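In what follows, a single structure is set out as structure tokens and then discussed.
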Ligand code: HEM
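Numbering (UniProt numbering), first residue to last: 1 to 531.
Structure, rendered in structure tokens:
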């Protein structure tokens with residue numbers, strides 16, 4: 001293992017010494033008997049005054065916390081990030097400017113749909129969430145292993161997740177894409193088509209977390225010392241290359257070892273085969289966002305690398321397994337809103353919704369506002385403010401006054417000056433509306449681009465996946481609706497899928513000379529409904 005970094009040193013203070021010592025209660029009272037409760041006579045009732053019994057049972061009764069509403073199953077590891085070259089021209093984020101710095105990091109990989117105990121090798125998106133413990137505070141890059149997302153606006157996220165998760169009447173199927181509600185959502189929301197192409201590809205079956213790409217998905221904004229903004233997409237590229245299992249393998253592995261990906265990550269790190277990923281950025285100068293035939297704010301679109309190459313800027317090495325799964329992997333609370341000076345958001349409506357959702361859910365999942373004090377969540381940067389109280393408060397403020405401004409407290413934190421986070425002063429004006437612009441209306445072109453970039457064997461796997469997953473859907477009109485959308489991605493694909501799912505092969509669609517489907521079909525809610 002490498003020498004301890006700031007984060008490891010901080011965690012050391014919380015580690016329970018594993019050397020054998022005397023058993024005690026939670027309050028340190030020595031315990032000499034833990035197999036027999038205190039009773040009246042040898043055969044009589046148990047006494048309430050048996051505080052050790054009460055504490056032991058009560059603690060056990062309260063061991064569970066809610067699992068994450070999505071991405072419930074995961075595995076995590078610590079590591080560090082090093083920069084190849086300064087990005088100071090684009091951002092004032094110090095960890096992206098200082099090539100001599102090694103920034104501690106924690107990563108959690110996850111599946112999305114399944115519960116905490118589900119299998120690793122299911123067909124699903126994988127989460128790739130990275131926390132950088134920078135000297136200016138935590139920066140969380142909460143991404144996935146696919147560069148686009150199912151929906152354009154986060155207000156649809158509850159609908160989407162309800163459709164993806166097991167159906168409400170019988171909680172079936174667990175962690176599978178083969179069911180009516182998911183495909184019903186897909187046929188009614190054609191913006192899902194690009195992501196569904198990725199989902200039906202082998203990218204949804206990663207062989208190892210060490211062999212998986214990661215993407216920030218949204219367009220973010222870098223801001224330099226002079227206040228100049230640059231749009232950015234973040235990419236992770238695994239050093240071992242990107243590799244998948246094939247469908248048949250995933251099925252067998254799921255039976256033999258449901259922990260396949262989790263075990264692989266753990267064992268690789270234990271044996272010194274440290275997973276490594278290269279961070280890359282696609283940069284688009286502020287003011288040039290209009291040069292693409294898609295909207296940079298639309299999270300169902302990539303920026304093709306032929307148009308903006310990915311520039312490698314640094315590497316992440318994962319070199320330490322956590323000591324305790326619950327304390328670290330389960331209690332880590334990533335949040336897209338955790339940014340440091342020099343990194344800012346854009347108006348992508350999916351990104352904006354996420355800014356609200358993560359903290360909100362973590363207040364419930366981790367029991368109140370002080371979860372930032374949990375060891376895995378604590379920044380290595382100094383924390384000082386007037387937040388007080390709340391459940392499980394572990395800080396002991398020394399000041400008499402916990403308000404700003406005050407003249408009597410002593411030790412009142414001064415407001416930061418040049419170090420302070422400043423929000424990019426984007427000029428905005430407009431009418432309130434629930435309409436999306438026309439630039440969000442093309443749901444097929446990039447799905448076609450993806451299909452066209454596939455080798456023959458990859459196409460075979462995609463067709464087989466559509467046939468298998470969609471073929472399990474009861475409702476005939478849902479299968480027809482999906483095939484109709486596929487017809488606007490690629491006619492041959494649609495015919496091949498139709499033949500495998502008992503649907504009449506469609507006619508070739510009318511397209512304009514940009515390869516786009518007719519506008520009517522690119523709007524939502526055009527698909528089939530019950531006859
Ligand atoms: C959890 C990624 C969209 C809500 C996660 C996690 C990842 C992730 C990686 C797991 C974090 C962990 O390991 O603890 C993404 C990506 C998205 C996306 C890449 C789209 C680009 C959304 C949207 C919402 C949302 C639109 C809601 C509006 C949540 C919630 C959790 C979560 C509530 C659970 C967080 C927790 O309990 O700690 N997401 N997500 N996500 N995501 Fe997303």
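Backbone N, C-alpha and C fix where the C-beta goes; we use that ideal spot for every residue, glycine too.
Bear in mind the structure is a predicted one, so any value in this text is a computation, not a measurement.
- The beta carbon of residue 439 sits closer than 6 angstroms to the beta carbons of 295 from its chain, once the five residues preceding and following it are set aside; these are given in chain order.
- Where residue 487 is concerned, the enclosing alpha helix (DSSP H) starts and stops at 476-487.
- Distance from the Cα of residue 29 is smallest, within the candidate group 15, 36 and 50, for 50.
- Under the rule that a run must span 3 or more residues, the beta strand (DSSP E) segments found entirely inside the region 185-259 read 220-223 and 229-238.
- In this structure, the beta-carbon distance from residue 497 to residue 483 falls below 8 angstroms.
- For residue 456, there is no enclosing beta strand (DSSP E); the residue is part of the alpha helix (DSSP H) that begins and ends at 456-471.
- Judged by pairs of C-beta atoms under 8 angstroms, the region 119-138 does not touch the region 285-292, as fewer than three such pairs exist.
- Pairing residue 355 with residue 336 gives a Cβ-Cβ distance under 8 angstroms.
- Check the Cα spacing between residue 299 and each of 369, 68, 306 and 446: the tightest is with 446.
- Inclusion of residue 361 in the 7 angstroms shell around the ligand HEM follows from its C-beta lying nearer than that to a non-hydrogen atom of the ligand.
- For residue 86, the number of other beta carbons within 10 angstroms of its own is below 16, and it is reported as exposed.
- Using a Cβ distance threshold of 8 angstroms, residue 234 and residue 279 count as a contacting pair.
- Here residue 355 carries a helix assignment [DSSP, helix/strand/coil].
- Residue 140 sits in a strand when the DSSP states are folded into three classes.
- Cα atoms of residue 359 and residue 75: separation of roughly 21 angstroms, rounded to the nearest angstrom.
- In the structure shown, residue 79 adopts extended strand secondary structure according to DSSP, grouped into three states.
- A Cβ-Cβ separation of about 4 angstroms places residue 254 in contact with residue 119 under the 8 angstroms criterion.
- Remark: C-beta atoms of residue 436 and residue 152 approach each other more closely than 8 angstroms.
- When C-alpha distances from residue 160 are compared across 269, 186, 311 and 23, the shortest belongs to 186.
- Rounded to whole angstroms, the gap between the alpha carbons of residue 116 and residue 173 is 15 angstroms.
- Taken in chain order, the unbroken stretches of alpha helix (DSSP H) that lie wholly in the region 403-463 and span 4 residues or more are 445-452.
- Pairing residue 122 with residue 145 gives a Cβ-Cβ distance that is not under 8 angstroms.
- In summary, residue 84 is exposed, with fewer than 16 beta-carbon neighbours lying within 10 Å of its beta-carbon over all protein chains present.
- Residue 264 holds the alpha-carbon nearest to the alpha-carbon of residue 318 among 503, 264 and 257.
- For secondary structure counted as the beta strand (DSSP E) over 3 or more consecutive residues, the region 41-90 holds these complete runs in sequence order: 74-83.
- The beta carbon of residue 301 sits closer than 6 angstroms to the beta carbons of 294 and 446 from its chain, once the five residues preceding and following it are set aside; these are given in chain order.
- If you look at residue 374, you'll find it isn't in any beta strand (DSSP E); DSSP assigns it neither H nor E.
- For residue 105, the enclosing beta strand (DSSP E) has its first and last residue at 102-111.
- Residue 343 carries a strand assignment under DSSP once its states are collapsed to helix, strand and coil.
- Excluding sequence positions up to five before and after residue 241, its CB lies within less than 8 angstroms of the CB of 211, all in the same chain and listed in chain order.
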